[in-house]
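Number of protein chains: 2
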Amino acid sequence: MTDQTQNAFRALADPTRRDILHMLTTQDMTIGQVAGRFDMTRAAVKKHLTVLTDGGLITVETRGRERINRLNPTGLAPVLSWFDIFDHFWDDRLSDLKSAIEKDTQ
Amino acid sequence: MTDQTQNAFRALADPTRRDILHMLTTQDMTIGQVAGRFDMTRAAVKKHLTVLTDGGLITVETRGRERINRLNPTGLAPVLSWFDIFDHFWDDRLSDLKSAIEKDTQ
DNA sequence: TTAATATGATACCAAATGGAATCATATTGG
DNA sequence: CCAATATGATTCCATTTGGTATCATATTAA
Numbered sequence: 014m015t016d017q018t019q020n021a022f023r024a025l026a027d028p029t030r031r032d033i034l035h036m037l038t039t040q041d042m043t044i045g046q047v048a049g050r051f052d053m054t055r056a057a058v059k060k061h062l063t064v065l066t067d068g069g070l071i072t073v074e075t076r077g078r079e080r081i082n083r084l085n086p087t088g089l090a091p092v093l094s095w096f097d098i099f100d101h102f103w104d105d106r107l108s109d110l111k112s113a114i115e116k117d118t119q
Numbered sequence: 014m015t016d017q018t019q020n021a022f023r024a025l026a027d028p029t030r031r032d033i034l035h036m037l038t039t040q041d042m043t044i045g046q047v048a049g050r051f052d053m054t055r056a057a058v059k060k061h062l063t064v065l066t067d068g069g070l071i072t073v074e075t076r077g078r079e080r081i082n083r084l085n086p087t088g089l090a091p092v093l094s095w096f097d098i099f100d101h102f103w104d105d106r107l108s109d110l111k112s113a114i115e116k117d118t119q
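Heads up: the protein sequence lines correspond to chains A and B, in order.
Counting with this note's numbering, you get residues 14 to 119 for the letters of the first sequence.
Counting with this note's numbering, you get residues 14 to 119 for the letters of the second sequence.
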């Protein structure tokens, strides 16, 4: 039972993983497809995808011998919730966004 | 000219540093004050504060022999800007928040 | 069936990271 | 001035992390 908030922040901390998330906003991709866009081995990309899965930021659907990686924007909820600590500095607008997203992803 | 976005995400990736930011939402604190709340050496806390400074999330004001650490919510702008890549999933509300914050902190 | 394809898993490595320990520097108070 | 205080800087260490190389497994296609 690891901390989901920590896993999500950890996943976001690496630029390659943020790039992968960026790619997945356009289309779902297999590991091979993602790896094809980076100058690193498929194994390295696989590790990043595992970290992203642990952080709840992507989901994986097995289709035959392929694994389709799909963005899971709901996984950002813990991150955005944490930003609530800055409400005092932002006139409660961040909190408004958070509840809007929660309503949106249910 | 290091990447400010990366530095900010990196700074947020550690739970101790997020706790420090949380503390600083209540009041400005010296290094000694921050260290007094953690079960680790002052040197370790100092390292975290340096990472937070590099990430632009806090500012430091020297007052005599003390260094007052102060929250810098503006430093989160690069992070929130990055979240814009999820606009398609969130009906542009994250983007609205970002511009609201930018206007607020100018 | 069997070879090609797509992925998983493991071992290994260098570099980064979190932390303690220690010494140095600067400022304040008596 | 001088001792106490607050912080900075450096060294060292164990662990984590990003990456490659390699081998194993599962699925598809001919």
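Even for Gly, the Cβ is constructed at its ideal location relative to N, Cα and C.
Please read these numbers as outputs of a predicted model, since none were measured by experiment.
Can you grab the Cα-Cα spacing for the pair residue i / residue j, in whole Å?
| i | j | result |
| --- | --- | --- |
| A:PRO86 | A:ILE71 | 8 Å |
| A:ASN82 | A:LEU62 | 8 Å |
| B:HIS101 | A:THR38 | 8 Å |
| B:LEU84 | A:ALA26 | 20 Å |
| B:ILE98 | A:ASP32 | 10 Å |
| A:GLY77 | A:GLY49 | 20 Å |
| B:MET36 | B:PRO28 | 12 Å |
| A:ALA57 | A:LEU89 | 23 Å |
| B:MET53 | A:GLN46 | 44 Å |
| B:LEU34 | A:LEU34 | 26 Å |
| A:PHE51 | B:PHE51 | 40 Å |
| A:ARG55 | B:ARG55 | 42 Å |
Going by DSSP, which residues form a beta bridge with residue i?
| i | result |
| --- | --- |
| B:THR43 | B:ILE81 |
| A:THR75 | A:ARG80 |
To which residues of the same chain is residue i closer than 6 Å at the C-beta, ignoring the five residues directly before and after it?
| i | result |
| --- | --- |
| A:ALA24 | ARG30, VAL64, LEU65, GLY68, LEU70 |
| B:ASN20 | ASP67, GLY68 |
Under a CB-based cut-off of 8 Å, is residue i close to chain A?
| i | result |
| --- | --- |
| B:ILE81 | no |
| B:LEU25 | yes |
| B:GLN40 | no |
| B:ARG31 | yes |
| B:PRO28 | yes |
| B:GLN17 | no |
| B:ILE71 | no |
| B:ILE98 | yes |
| B:SER108 | Here the model assigns B:SER108 a pLDDT of 49, short of 50, so the residue's position is not dependable and the matter cannot be decided. |
Output yes if chain B places a C-beta closer than 8 Å to the C-beta of residue i; else output no.
| i | result |
| --- | --- |
| A:PHE102 | yes |
| A:PHE51 | no |
| A:HIS35 | yes |
| A:PRO91 | no |
Using three-state DSSP, classify residue i as helix, strand or coil.
| i | result |
| --- | --- |
| B:MET53 | coil |
| A:GLY88 | helix |
| B:LEU70 | coil |
| B:LYS24 | Sequence check: residue 24 of chain B is Ala here, not Lys. In the structure shown, B:ALA24 sits in a helix (DSSP, three-state: H, G or I). |
| B:ASP100 | helix |
| A:THR38 | coil |
| B:ASP32 | helix |
| B:GLN19 | helix |
Tell me whether residue i counts as near the ligand COA, meaning its Cβ is closer than 7 Å to at least one heavy atom of that ligand.
| i | result |
| --- | --- |
| A:LEU25 | As presented, the structure is devoid of all ligands, the ligand COA included, so that no description of it is given. |
Once the 5 residues before and after residue i are set aside, which same chain residues still bring their CB inside 8 Å of it?
| i | result |
| --- | --- |
| B:THR43 | GLU79, ARG80, ILE81, ASN82 |
| A:THR18 | PRO91, VAL92, SER94, TRP95 |
| B:VAL73 | LEU62, THR66, ARG80, ILE81, ASN82, ARG83 |
| A:ASP16 | none |
Ignore the nearest five residues each way along the sequence and tell me which others in residue i's own chain have a CB closer than 7 Å to its CB.
| i | result |
| --- | --- |
| A:LYS59 | ILE44 |
| A:ASP41 | ILE81, ASN82, ARG83 |
| B:THR75 | none |
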